[in-house]
Each structure stands twice: as structure tokens, then as C-alpha cells.
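For reference, the structure discussed in these notes is given below.
2 protein chains.
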Amino acid sequence: MTDPAPTALHRLRQSNAERVLGCLRRHGELSRAEVAEHSGLSRTTLSTILGDLIRRGVVVETELPPSNRRGRPTGGLALNPGAGQYLGLELGRNRIRLVLADAAHRVQARDDLSYGSARGAADRLALAERAVREAADRHGITLGTLAGIGVGSTGPGELVLAPAAGLAEPDGLRGRELIADRLARAFEVPVGVDNNTRLTALAEATWGAAAGASDLLYAHFSHGTGGGLIIGGQLIRGTGGVAAELGHLCVDDTGPECWCGGRGCLERYASVPAVLRATGHRRWAVLRDALAGDGAESEVVRTAGEHAGAALAAMCTAVNAGRVVLGGELAELGEPFLRPLRESFARRAMRSLRGGVEFGTAGTAPWGGALGGLALALHESPLLARYPLPQHPEQAAAPDAESGR
Amino acid sequence: MTDPAPTALHRLRQSNAERVLGCLRRHGELSRAEVAEHSGLSRTTLSTILGDLIRRGVVVETELPPSNRRGRPTGGLALNPGAGQYLGLELGRNRIRLVLADAAHRVQARDDLSYGSARGAADRLALAERAVREAADRHGITLGTLAGIGVGSTGPGELVLAPAAGLAEPDGLRGRELIADRLARAFEVPVGVDNNTRLTALAEATWGAAAGASDLLYAHFSHGTGGGLIIGGQLIRGTGGVAAELGHLCVDDTGPECWCGGRGCLERYASVPAVLRATGHRRWAVLRDALAGDGAESEVVRTAGEHAGAALAAMCTAVNAGRVVLGGELAELGEPFLRPLRESFARRAMRSLRGGVEFGTAGTAPWGGALGGLALALHESPLLARYPLPQHPEQAAAPDAESGR
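Chains as they are written, first to last, in UniProt numbering: chain R, 1 to 405; chain B, 1 to 405.
Now the structure itself:
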């Protein structure tokens, strides 16, 4: 056996460098003190590593806005914006939303467009591809440096990842696998596809109402009703990929059967179509205006809020998330929906939960799905798990370089 | 700055060794192939590390039962049983249960006793201490090699850890802090105290009905109703330490107020006292016998099962756990409770959940709380996070030894 010393040392250096890069990927721009705090590395070690990363152009020094009284700007650190672009894409029910960002988390371009006449999955994917290329063109972004794509799509199911070459058997693919495969082949980068609501939870924990929170329940009340759960900073998918399917939590066991196979599901009460159906309106804007009056609309929205509060009480009893972020058209109605929701939650939740839960409204809407895709590409998926670091010359040919990983 | 090379190399070796020891702590006895699989280390690296650990007496070679057709025994590996004892203790409602095990997960002694006339916390702790010392004596175990204690106690609340010296301000402590402090001082080892039901989830995932499962919901129907949740191999405690408080999930919002501040909590229906109250019986054995007849007992137990199924459907919708383990006296009633539970679960849960959830009954009862305490001491707490490894002589005085951790 050869002496493992040089390889081992290189790996330790690389592992420390990855820790620093991981902090910057996760949090965007940070001061040196913040990098030290998040990485847990000593000042001496950190100084060596940062010197090396800056020299090699992987990390750049920036100027943070003044945070002290004297108003002097402080030095910040960020991943080199030139080190790669990331694309977050939402293939929503009616619209495509896209966000192009650099590795420093700076959004360079965003766009949204309706599907128009594009109906089938293939047409819609082609439209999305064209929209990305056009947005990049308009903003002078070279897509040759694109490093990863994260996509939020509708409906339940598991995370799908495709390598840059696409999936092994591209024929007959459907749903998320089709999306991942086609986009990977079109842009020649790895692609991750997950539920758009679940990804919004990730966006809210990264940029939104609960930025930096490590435990978060996101609840979305829109055309569908859904949720996303973050525990310990990680998106929880569950054994079958359907964790936090809030819309299919039973809130009335004498209620109607649901397409999901359950009964009295929250989505039958606290979603845009359910509220429209119950009030006899066809357009959301009309219903919204009617809420100011004394009609049946207030009662329907109040019932929706009560059921939502009951479902959230059950969810919070299950996982004791300290932050609950509410999004979607119903949440945007404000107090007519939110007051009964909070009251119903308080009536059902144990005292120690009630005091410990902070409610907020979504801060990333309507870009949550696209920003969540971006967050997936930037720091949740294995896409970026190995930031490229050049081998030190003396270890380039070490035979045991993979051990210990 | 001094050359960090020797320290760095030592740390890498130590980190690989810790990875191997972590696998053995978590899984008990393993074959070399299993250690390689769980640790992800290369054959060459593993062979060097194991040679060193065996030479130093930290790991021992064992003989695994034959697993192949030829019936030849295969070599196994385990932590050296002589490397330390661990104590799992349950301070239950009526009884103390204790389990003494070696670092190889082998239980050497167990005991259970009632509190008798011991009423206050101090008396009960003194009784528990005496019981541990007597059990050790009876089995010839030297408590001088005791390395850690995990305790399951009743009631909600957060994990409390005390270092071997006890807590900093020992006066006026109550509940878990009192337990942790007094036991740490009595045995001069670190102590972790958590909810006994939550710890049973850990026991079930380590030794019980779901051994090796990484996602598990444990539901306990006894004097109280509670639960424990494991996601990705980790016990989930939640922001306020009350995750998986199944007993306080609201199953009937027109139901009675609960001491917890909620309303219509599951514990009001699916617990031993609730069932006794509703049937007018005073003794569980009598109720159990009456279940064979056509009396009101069957109806009460059926309702309890239905409510339990509803609560579990909500919990599984929240986290999509693939395994549900049921324990406690109600679960032990069998089909009169379990059939309505499963049917109620199936009626409410979305189809994709229904097919994906495997129900089982507890395999560690009545030792779940004590074994869970043991699991906490063995592999969940920081007690064992740094298995002592001697410094290599050339690095003993390296100045930067703490950087990078």
C-alpha cells in the first residue's frame, strides 16, 4: 500500500474548502465572520482556504452594505458569479416562470409567460426551452456556463434527477421523468424536478418569509392545496414522496370522496375551485370583491379557513414546526381566511404548540416554484455536491483518491 | 503558520475510524462487507483502519452465525464489549425498567421494579440508582466502566443532556433536568433524558418491529397516548420538543376540552383511562375479557380504533412515514382495536399513502422505554460522538489541532 499521506491531506483541504463553498451556496453573500460561524472552521484554517479559493477565482470578495454606526462598508464573500449559472423553472398549471441566477444567488433574469396554445408536455417543454434561451439572450447571459436546472412541476410524486446526458431509457417517459430528461438533453446539464409547492417551502426557507429557518411548514391554497415541510434544513419527501400533502388531509370524514382515494380532503374546501364552486362564482376577482359585502362568500371563505386551521393543527402536532408560512390565493385574501384559520388552529392545538408557532405569509410569491427550483439546483440536490476543485499536482495520480468519501 | 500536514492526516484517520465505530455503534455486530457498505470506505482504507482498531482493542473480531449454504461461520466485527457499559432506564408511570448493555449492543442485565412507597422525584431517583447498582452486582458488572445513561421519562418536553459533572446550577431543578443532573452526579457519566414513548420509536427502529427502518412512526396507546417519529434515521423532536404528540391531535372538534389546551384530543378516546371511563370498568383485565362478548366494550374499543386511525392518517399525510408501529395496551387488544384503526386509516388516507404504509406491532414491549434510553446513549446523543482515540505521537502537540472540526 502506498503512503496515503498526500492524498489524505489533499482530501482534508478539499473537504474544508467544500464546507466553505457549501456555506456560500446556501446563504449567498456572507462576511468572513459569518463564514467562520457557519463553517465552524478556525480563523487560521479559514484564512488559508479563502486565500486559495480567491486566488483561484472560485470565491470573490464583495462589499457588504454598512451594518455598523460608522457606516463603513465591510468586506463580504460570495461564490464567483462567473463560476456558473443556475436555472429555476416552474411549469405551473397556467404559466411558465423562470429565474436565472449566478452561483452567488444573484438573480440575473426572470420571465413568465402563459402556455398559450402549447398543450401537450412536449410542446410545453419546447416552449420553456425557448423562453429560457430568449431570456438569456435578452440579458446577455451565456448559457454555456449553465451548471444546473431545478424544476417545480404540479402534482404529487417523488423527486426525479437526470444527469446531463439525460435518462438511460428516454422512450415512453412521462411526467417528471420526461421533463428531467428533455431539459437535461436540451441544456446538457443535470436537472432535478420536484413538486412546485414543496419547492416553494425551500424558496421560503432560503429567500422568503422564513429565510434561514431550519424547521418550516409551507401551506399553499391555490388551484390545488398542498404543502412542503423542512426539518433540520432538509426538505422532507417521505417514504413515497408525498410528505406534507396538506390538501389530502381529511378534515371531514363525512365529506365527499376525493380523487385521491381519501374522503373530506382539505382541498375540497380550501382551494380556489372549491371556494368558487361553493359560492357559485366563476372568477376569483369577483369573489374577492364580494368578500367586502355580507353575502355567502364570507361564510364559505371562513369555513375554508377553519378547515385549513384544523389541518395545520394536525400537521404541527405531527412535526412541531415552529414556522408556518401560508401562500396562494386564499392566503392572499387576508383576514377573511386567516382569522378563522388561526382561531381554528388555536382551538385544536395543544397549548405548547400554540405559543410556539409563528405564522407568516409567503414572501416569494408568485415566484416560489421557480425560486424553489433554483434553490434545489443551488444547494439541495447532488448537482452541486462536488464543486470542482483542481487536484494538487502531487496527488493527481494517487491510486486511493476515492477512499474515505 | 506551522505545516498542518501531520495533524490533518491524523484527523482524517480519526474521522474514518469514527465512521467505522459509528456503524458498529448503530448496527451492533456486522460483517466486514457490511461495514464497508455502511461506511462507504474503500477496502484498502477499511483494512488499515480495522487493523488499527483491533490492535488497540477497540473493535473485536466475532463469529457470525452461518448465513450461506455451506454453513461456514463468517467473521464479524463488533465494538469491544469491554470498552464500556451503557445504561438504559425507563422511569415509567408505575415502574422502573433498566437495561445494562455493553458497547456491542449486548444486553447483560435487565430488571424491573415498582416504585413501591417511593413517591417524590428524589426518592424515585434514589430507588432507581439502587436498582441499577444491585442489578450490576448480581451480574458481576463493574459500573466503573459505565460510559453513558439514556433515560425515558413520562410527559412531553425536550431532550435534556447533562455532562458527567451534572448541570451547572443543580438547585431547584425539576422534571428531566433533575433526573439528568442527579443520575450524572450519582454515576459520574453523561446522561440524556427524553420522553419514553419517543425513545420507544428509537428502540423499535434499532431492535424492534422496524429494525433498520429509516422512516418510522411509533404510536403508543396506554395510560397516555403518544408517539415518536423517525425521519432519515433521526429522532424528530420539533421546534418545541413536542413533535409526534399523537395523543393531542384533535380527532373531534366538538369533543371535550383537554388539559393540554386543545379539544377532542385522541388521548380522550384511545387511551387506557379513556376506555375504562367509557365502559365503566375499573380494571383493564376485566375490560379485556368483556371484549369477547357483545357488550358496549367492543363499541368503545372500536371508536377508539377509528379515532386512532384518523389521527394516524393525518400524521402519515404530514410525513409520509412508510412504517407505522403500534404499541401499548390498546394495540395489544389486537383486532378489536386494530381492525377499525386500519379501516379508518384507509378511508381517510390518499391511495398512494394507503398502499405505502406498513403497519406492525411493537417488538420491544414492555422494554421499549428502557431500550430506547439505551439507544439514545449508544448512538443518538453526543455522549459517544467522540470515541476516544489516542493521538499519534508526532501530532500530540500540534497547535492547530482543533481547526476544521
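Glycine included, C-beta positions come from ideal geometry on N, C-alpha and C. Because the structure is a prediction, the values reported are computed rather than measured.
query = Between the segment 91–106 of chain R and the segment 135–153 of chain R, do three or more beta carbon pairs fall short of 8 angstroms?
reply = By the criterion of at least three beta-carbon pairs nearer than 8 angstroms, the segment 91–106 of chain R is in contact with the segment 135–153 of chain R.
task = With 8 angstroms as the C-beta to C-beta threshold (strictly closer), list the residues of the segment 235–257 of chain B near chain R in chain order.
result = So the list reads I236, R237, G238, T239, G240, G241, V242, A243, A244, E245, L246, H248, L249, C250, D253, given in the order they occur along the chain.
ask   = Which stretch, first to last residue, makes up the alpha helix (DSSP H) that contains D137 (chain B)?
value = DSSP places D137 (chain B) inside the alpha helix (DSSP H), whose first and last residues are 121–138.
query = Is V189 (chain R) near R176 (chain R), with beta carbons less than 8 angstroms apart?
reply = No. Outside cutoff.
message = On the CB-based measure, 16 or more other CB atoms within 10 Å of its CB, does P340 (chain B) come out buried or exposed?
response = That one is buried.
ask   = H220 (chain R) and G327 (chain R) look like a contact to me (Cβ under 8 angstroms); what is the Cβ gap, rounded to whole Å?
value = That belief holds up - the Cβ atoms of H220 (chain R) and G327 (chain R) are roughly 5 angstroms apart, short of 8 angstroms.
inquiry  = On the CB-based measure, 16 or more other CB atoms within 10 Å of its CB, does G293 (chain B) come out buried or exposed?
reply    = When all chains shown are included, G293 (chain B) counts as exposed.
query = Can you round the beta-carbon distance between A370 (chain R) and R97 (chain R) to whole angstroms, since I take them to be within the 8 angstroms contact cut?
reply = Right, the Cβ-Cβ distance comes to about 4 angstroms (below 8 angstroms), so this counts as a contact.
task = Identify whether L229 (chain R) lies in helix, strand or coil by the three-state DSSP scheme.
result = In the three-state reduction of the DSSP assignment, L229 (chain R) falls in the strand class, which pools E and B.
request  = Determine the DSSP secondary structure at S31 (chain B), reduced to helix, strand or coil.
outcome  = In the structure shown, S31 (chain B) sits in a strand (DSSP, three-state: E or B).
key: Cβ neighbours of H38 (chain B) in the same chain (closer than 6 angstroms, five flanking residues each side left out)   = These residues qualify, in order along the chain: C23.
request  = Measure the CB-CB distance between P256 (chain B) and R302 (chain B) and report whether it falls below 8 angstroms.
outcome  = Against a cut-off of 8 angstroms, the Cβ pair of R302 (chain B) and P256 (chain B) comes out as no contact.
Any chain B beta carbon closer than 8 angstroms to C23 (chain R) = It does not; no Cβ of chain B falls within 8 angstroms.
key: Proximity below 8 angstroms, CB of L266 (chain R) to CB of G247 (chain R)   = Against a cut-off of 8 angstroms, the Cβ pair of G247 (chain R) and L266 (chain R) comes out as a contact.
inquiry  = Residues in the same chain with beta-carbon distance under 8 angstroms from G280 (chain B), minus the five sequence neighbours each way, listed in chain order, please.
reply    = Closer than 8 angstroms at Cβ, skipping near neighbours: no residue.
task = Identify every residue that forms a DSSP beta bridge with Y218 (chain R).
result = Beta-bridge partners assigned by DSSP to Y218 (chain R): R:G228, R:V325.
query = Where are the beta strand (DSSP E) runs, 3 residues long or more, that stay fully inside the segment 275–343 of chain B, in chain order?
reply = Taken in chain order, the complete beta strand (DSSP E) segments of 3 or more residues contained in the segment 275–343 of chain B are 323–327.
key: Given 8 angstroms, three or more beta-carbon pairs between the segment 169–185 of chain R and the segment 120–140 of chain R   = Contact check between the segment 169–185 of chain R and the segment 120–140 of chain R: three or more CB pairs, one atom from each, fall below 8 angstroms, which counts as touching.
key: Host alpha helix (DSSP H) of A375 (chain R) (start-end)   = Looking at the DSSP string, the run of the alpha helix (DSSP H) that includes A375 (chain R) is 368–375.
ask   = When Cβ atoms are compared, which residues of the segment 298–324 of chain R fall closer than 7 angstroms to chain B?
value = Hits within the stretch, in order: A310, A313, A314, M315, T317, A318, V319, N320, A321, G322.
query = Exposed or buried, what is S271 (chain B) when buried is set at 16 or more other beta-carbons lying within 10 Å of its beta-carbon?
reply = Buried: at least 16 other Cβ atoms inside 10 Å.
key: Test item: CB-CB of N320 (chain B) and G264 (chain R) under 8 angstroms   = For N320 (chain B) and G264 (chain R), no; Cβs fall outside 8 angstroms.
query = Is there at least one Cβ from chain R nearer than 8 angstroms to L12 (chain B)'s Cβ?
reply = Residue-level contact by beta carbon holds for L12 (chain B) and chain R, with a gap shorter than 8 angstroms.
query = Leaving out five residues before and five after D111 (chain B) in sequence, what residues of the same chain have Cβ atoms less than 7 angstroms from its Cβ?
reply = Cβ-Cβ distances below 7 angstroms link D111 (chain B) to L98, A131, A135 in the same chain, with the five nearest sequence neighbours on each side left out; the list follows chain order.
inquiry  = G305 (chain R) and L338 (chain R) - do their beta-carbons sit closer together than 8 angstroms?
reply    = Yes; because the gap between Cβ atoms is below 8 angstroms, this pair is in contact.
is_contact[R339 (chain B), chain R] using C-beta, thresh 8 angstroms = At a cut-off of 8 angstroms, the C-beta of R339 (chain B) has no neighbouring C-beta in chain R.
inquiry  = For S222 (chain R), tell me which candidate among R:A362, R:L79, R:I54, R:R43 has the shortest Cα-Cα distance.
reply    = Nearest option by C-alpha distance: R:A362.
request  = Compare the beta carbon distance of E297 (chain R) and A290 (chain R) with 8 angstroms and say whether it is the shorter of the two.
outcome  = Note that the C-beta distance between E297 (chain R) and A290 (chain R) is below 8 angstroms.
query = Can we say the segment 53–64 of chain B touches the segment 73–82 of chain B, given the rule of at least three CB pairs closer than 8 angstroms?
reply = Touching, yes, given that three or more Cβ pairs across the two stretches are closer than 8 angstroms.
task = Decide if G373 (chain B) is buried, meaning its Cβ has at least 16 other Cβ atoms within 10 Å, or exposed.
result = Burial call: buried.
message = Just to check my reading of the structure: L229 (chain R) and A201 (chain R) have Cβ atoms closer than 8 angstroms, yes? What is that Cβ distance to the nearest angstrom?
response = Confirmed, about 7 angstroms.
ask   = Checking contacts by CB at 8 angstroms: is L376 (chain B) closer than that to chain R?
value = Judged by the 8 angstroms Cβ criterion, L376 (chain B) is not in contact with chain R.
ask   = Hey, is A349 (chain R)'s beta-carbon within less than 8 angstroms of any beta-carbon in chain B?
value = With respect to chain B, the C-beta atom of A349 (chain R) has a partner C-beta closer than 8 angstroms.
task = Can you say whether residue 411 (chain B) is buried or exposed, counting buried as having 16 or more other CB atoms within 10 angstroms of its CB?
result = A question about residue 411 (chain B) goes unanswered here, because the residues of chain B that appear run from 1 up to 405.
query = For N16 (chain B), which three-state DSSP category applies?
reply = Helix.
request  = Could you have a look at A186 (chain B) and say whether DSSP puts it in helix, strand or coil?
outcome  = In this structure, A186 (chain B) counts as helix in the three-state DSSP scheme.
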